[in-house]
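Asker:
The following block contains the structure:
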């Protein structure tokens, strides 16, 4: 899926790829936020229901026994054994945010079919047969408490589970089936209690043995290229609001071979209330700033400028007759940062039109910048007369020959997104906001 946008609003973010980050305190805000909307939770509930339905077939139901006393037959002993679930229908489920805790899963209007064998012993006589049991009106309610472990991965527990069965119907066949039917209410009550306890036991076991390990497939770090990786550790536990679930990631890009602490501010992002897509990713300028630090320190994005090039930017003397050397007599500019420091004394208006083509490749975003010409207009100069046309030409030369090729090379490799195993994205939508990009997508889970 491709989307083409007028990327003039991208310019402040792209400039982060030119400059090293501004010194400051370490960021306390996330660099990247993943938001799962109601649509996304609905899809997750549907997929989770299929997995739970498979697990219910694996339940081992315990045998249970009891005594009976019926006139004029007298006392006897019954035994139900070899219980197996042969059918399971879970048609309706909802997965909703549980503000301040995590998620709430509800399953309703479900049915389960059980088959098994029975034995009755009275004195020295033994009879046996089979039975069918139909459970109807089954409801299950589970609270999923979300947290984070020391590595920054999400955790989940199920501290509360309840199940209720509306109706249990036992059909007993065999020589003494009529006898067991005399106290079928007692038998059905025993089955209801056994099933209700077993279902919650199975659900909580499934959360611990299946869901929790699956959440561990969320990457803590992801490789971008041979130089850089991105830190996807959670900065806090996932936050449930009334309509969505937010996961806050550090989002720091770092040098794979020599990681060092980066001081930078991540802006506070005010995410829009969009719910059309299943998931949204807010990628802040902090991510791009930390990228600029890594690539700048590694020697990328350098643009060498000679003294002659600088001297040609300025006229021989300013309005007061002062020579250029009065302002910049020892100019030895090495890269674009040095030039920009020099240009702080020149107030100019600049503008450009660039377009960006973004492509979503199932688990990462790739892109391509179409060059646009930078236009410069001089407003005020503290260093005398200034050759605006030559500055414009110099900057455009840098953009076309250094910045765009290097940025496009990185964009072509792609920007990996924090995704669980076997999750793919499609149907990309892009919004540009102050200090962050907002990507929306739908989700497809691929079963193994």
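Numbering (mature numbering (1 follows the signal peptide of the UniProt record, and there is no 0)), first residue to last: -27 to -1, 1 to 421. By construction, the Cβ of each residue, glycine as well, lies at the ideal position given by its N, Cα and C atoms. This structure is a prediction, so every number in the text was calculated from the model and none was measured.
Using 8 Å as the cut-off, can you tell me whether the region 32 to 51 makes contact with the region 66 to 81, which would need three or more C-beta pairs spanning the two stretches below that distance?
Answerer: With a cut-off of 8 Å, the region 66 to 81 and the region 32 to 51 do not count as touching, because too few Cβ pairs lie within range.
Asker: Measuring alpha carbon to alpha carbon, tell me which of 131, 126, 420 ends up nearest residue 207.
Answerer: For residue 207, the nearest C-alpha among the options comes from 126.
Asker: By DSSP, does residue 157 sit in helix, in strand, or in coil?
Answerer: In this structure, residue 157 counts as helix in the three-state DSSP scheme.
Asker: Given residue 198, which residues of its chain have a CB within under 6 Å of its CB, disregarding the five upstream and five downstream residues?
Answerer: If we look at residue 198 and ignore the five residues flanking it on each side, its Cβ neighbours are 386.
Asker: Can you tell which of 40, 57, 73 has the C-alpha that lies nearest to the C-alpha of residue 116?
Answerer: When only C-alpha atoms are compared, the closest one is 73.
Asker: I need the straight-line Cα distance from residue 15 to residue 373, nearest angstrom please.
Answerer: If I take the Cα positions, the gap works out to 46 Å.
Asker: Alpha carbons only, please: which of 259, 32, 337 is nearest the one belonging to residue 227?
Answerer: That would be 259, whose Cα lies nearest to the Cα of residue 227.
Asker: Pull the bridge partners of residue 415 from the DSSP assignment, please.
Answerer: According to DSSP, residue 415 bridges with 399.
Asker: Are the beta-carbon atoms of residue 21 and residue 251 separated by less than 9 Å?
Answerer: In this structure, residue 251 does not lie closer than 9 Å to residue 21 by Cβ.
Asker: List in chain order: all unbroken beta strand (DSSP E) runs of 3+ residues lying wholly within the region 50 to 130.
Answerer: As far as the region 50 to 130 is concerned, its whole beta strand (DSSP E) runs of at least 3 residues are 65 to 71, 75 to 95, 98 to 121.
Asker: So, with DSSP's three-state summary, where would you put residue 9?
Answerer: Of the three classes helix, strand and coil, the one that applies to residue 9 here is strand, per DSSP.
Asker: Using a Cβ-Cβ cutoff of less than 6 Å, which residues in the same chain neighbour residue 229 once the five nearest sequence positions on both sides are dropped?
Answerer: Answer for residue 229: 202, listed in chain order.
Asker: From 108, 332, 128, pick the residue whose C-alpha is nearest to that of residue 164; which is it?
Answerer: Residue 108 is the option with its Cα nearest to residue 164.
Asker: Assign residue 406 to one of three DSSP states: helix, strand, or coil.
Answerer: Residue 406 falls in the strand class under three-state DSSP.
Asker: Can you say whether residue 211 is buried or exposed, counting buried as having 16 or more other CB atoms within 10 angstroms of its CB?
Answerer: Its Cβ being crowded by 16 or more others within 10 Å, residue 211 is buried.
Asker: Here's the rule: buried if 16 or more other CB atoms are within 10 angstroms of the residue's CB, otherwise exposed. What is residue 338?
Answerer: Buried.
Asker: Keeping to the same chain, check which residues put their C-beta closer than 6 Å to that of residue 59; ignore five residues upstream and five downstream.
Answerer: Cβ within range, chain order: 86, 88.
Asker: Under the DSSP definition of a beta bridge, which residues are partnered with residue 35?
Answerer: DSSP lists no partner for residue 35.
Asker: Have a look at the DSSP bridge pairing and note the partners of residue 40.
Answerer: Looking at the DSSP assignment, residue 40 forms a beta bridge with 50.
Asker: Identify the continuous alpha helix (DSSP H) that holds residue 338 and give its terminal residues.
Answerer: Premise fails: residue 338 lies in the beta strand (DSSP E), 337 to 343, not in any alpha helix (DSSP H).
Asker: Beta carbon of residue 253, beta carbon of residue 1: below 9 Å?
Answerer: Against a cut-off of 9 Å, the Cβ pair of residue 1 and residue 253 comes out as no contact.
Asker: Considering just the uninterrupted stretch of the alpha helix (DSSP H) at residue 223, what are its terminal residues?
Answerer: Looking at the DSSP string, residue 223 is not in any alpha helix (DSSP H), and its letter there is neither H nor E.
Asker: Please classify residue 186: does DSSP put it in a helix, a strand, or coil?
Answerer: Looking at residue 186 - three-state DSSP - the assignment turns out to be helix.
Asker: Using three-state DSSP, classify residue 245 as helix, strand or coil.
Answerer: DSSP places residue 245 in coil when its eight states are reduced to three.
Asker: From the DSSP output, which residues share a beta bridge with residue 202?
Answerer: Partner(s): 196, 227.
Asker: Quick check on residue 192: buried or exposed, where buried means 16 or more other Cβ atoms within 10 Å of its Cβ?
Answerer: Buried is the call here.
Asker: If we ignore side chains and look at the alpha-carbon of each, how far apart do residue 218 and residue 157 end up?
Answerer: Rounded to whole angstroms, residue 218 to residue 157 spans 46 Å at the Cα level.
Asker: Taking all protein chains shown into account, do 16 or more other C-beta atoms lie within 10 angstroms of the C-beta of residue 425, making it buried, or fewer, making it exposed?
Answerer: Only positions -27 to 421 of the chain appear in this structure, which leaves residue 425 out of reach.
Asker: Would you kindly work out how many angstroms separate the C-alpha atoms of residue 113 and residue 104, rounded to a whole number?
Answerer: Roughly 25 Å separates the two Cα atoms.
Asker: Which stretch, first to last residue, makes up the beta strand (DSSP E) that contains residue 252?
Answerer: Per DSSP, residue 252 belongs to the beta strand (DSSP E) from 252 to 257.
Asker: Please go through the same chain and pick out, in chain order, the residues whose beta-carbon is closer than 7 Å to the beta-carbon of residue 17, but skip the five residues on each side of it.
Answerer: Taken in chain order, the residues that qualify are 68.
Asker: What are the boundary residues of the alpha helix (DSSP H) that includes residue 384?
Answerer: It spans 377 to 386 - the alpha helix (DSSP H) in which residue 384 sits, taken as one unbroken run.
Asker: Does the count of Cβ pairs from the region 26 to 46 and the region 165 to 172 closer than 8 Å reach three?
Answerer: Taking 8 Å as the limit for Cβ pairs, the verdict is that the region 165 to 172 does touch the region 26 to 46.
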